[in-house]
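FYI, in the numbering used here the residues of the sequence shown are 12 to 153.
No residue lacks a Cβ here, since even glycine has one placed at the ideal position from N, Cα and C.
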Amino acid sequence: MSPRNYTWVFDPDSGGKKIPAAVQADVIKRINKVAEENFKGQYTRLDIRFRGQFCYIDAYIEPVESEGWPPADWPETREEFLERLRKTPTHLCRLRYFGDDEWGFAFYTYSHDKYELSTYPNGEFTGKPEDAFLASAMYLNG
């Protein structure tokens, strides 16, 4: 039996490298800068956290107050309802670190309630954290 020839193919939806502390600090600074420049006032705070090869980016948004909501038979008061919404994160994206400022991008889809592999706006599977944030920040546009 002859040996099989295997060709390695890059899979942007698997693998990655543990994110060094210096890279984590740099990414937090860069994302916060882009958010402040482009979305000031559209979120109350960002939550940027790291786990293994992943960077998760969430935003907290001030809820829109609607007259007559919640209805009288709602199980919580209006104030409790608004406070719950303030404490609920809006998931934006998950980045996968491949090294050398090369990041995979997974957009959070609320229709499937999970992160889905995505391409950057330029059509590539890897790119910079700022570009992933800008693409996923559509949830901040209300």
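Residue i in three-state terms, based on DSSP
i, result
"TYR17", "coil"
"TYR67", "strand"
"SER147", "helix"
Residue i and residue j closer than 7 Å at C-beta
i, j, result
"LEU128", "ASP22", "no"
"ILE59", "ILE72", "no"
"VAL45", "PHE144", "yes"
"TYR131", "ILE30", "no"
"ASN150", "THR101", "Position check: residue 150 holds Tyr in this sequence, whereas Asn was assumed. Result yes, Cβ atoms of TYR150 and THR101 sit closer than 7 Å."
"GLN64", "GLY110", "no"
"GLY147", "PHE118", "Before going further, note that residue 147 is Ser rather than Gly in the sequence given. Result yes, Cβ atoms of SER147 and PHE118 sit closer than 7 Å."
For residue j and residue i, believed in contact at Cβ under 8 Å, the rounded distance
i, j, result
"PRO14", "CYS66", "The pair is not a contact, with the Cβ atoms about 39 Å apart (cut-off 8 Å)."
"LEU103", "PRO74", "With 8 Å as the limit, LEU103 and PRO74 do not qualify as a contact, their Cβ atoms being about 17 Å apart."
Query - Complete runs of the alpha helix (DSSP H) confined to the segment 80–126 [at least 4 residues] - result: 89–97
Given 8 Å, three or more beta-carbon pairs between the segment 86–94 and the segment 49–64:
no
Can you list, in chain order, the stretches of the alpha helix (DSSP H) that have 4 or more residues and sit fully within the segment 22–54?
32–50
- Touching by the beta-carbon criterion (3+ pairs, under 8 Å), the segment 76–88 and the segment 111–123: no
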